[in-house]
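FYI, the working numbering numbers position 70 of the sequence shown as 93, with every residue one higher than the one before it.
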Amino acid sequence: MAITGIISGLIIGIVIGALGRLVIPGRQRIPIWLTIVIGVVAALIGTAIAGVLGVADTRGIDWIELAIQVALAALGVSLTVGLYGGKRRG
24 MAITGIISGL IIGIVIGALG RLVIPGRQRI PIWLTIVIGV VAALIGTAIA
74 GVLGVADTRG IDWIELAIQV ALAALGVSLT VGLYGGKRRG
């Protein structure tokens, strides 16, 4: 994998993870690196699901694929907050 692929994957992970966080109400107590990881994983799985559904390659912006990715990121953030974010440090 080329360095541009890694950088673009991280940027997409940041955007998808941030959108997933914004969808969920309230404050999420998880680190930003974990949000990026969730975003990258959600982007990969969302793209695969969109491919299976036949909506991955459309003319213009792939809104359905993006919605699937953001929904998966929101689910991932919610589950992670329940597991990781619920623990208090101190």
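All residues carry an ideal CB built from backbone N, CA and C; glycine is no exception.
> For A25, does the three-state DSSP call read helix, strand or coil?
Replying inline: Walking along the sequence shown from the start, residue 25 turns up at place 2. Here A25 sits in coil by DSSP.
> Assuming A79 and E88 make a contact with CB atoms under 8 Å, what is their CB distance in whole Å?
Replying inline: One-based indexing of the sequence shown puts residue 79 at position 56. One-based indexing of the sequence shown puts residue 88 at position 65. Contact holds; Cβ gap of about 6 Å.
>> So, with DSSP's three-state summary, where would you put G74?
In response: Counting from 1 along the sequence shown, the entry for residue 74 is found at position 51. It is helical.
> By Cβ distance, which residues of its chain are closer than 7 Å to I37, with the 5 residues on each side in sequence left out?
Replying inline: Against the sequence shown, residue 37 aligns to sequence position 14. Once the five neighbours on either side are set aside, the close Cβ partners of I37 are I59, G62.
> Taking DSSP as the reference, what is the three-state secondary structure of G40?
Replying inline: The residue you call residue 40 lines up with position 17 of the sequence shown. Three-state result, G40: helix.
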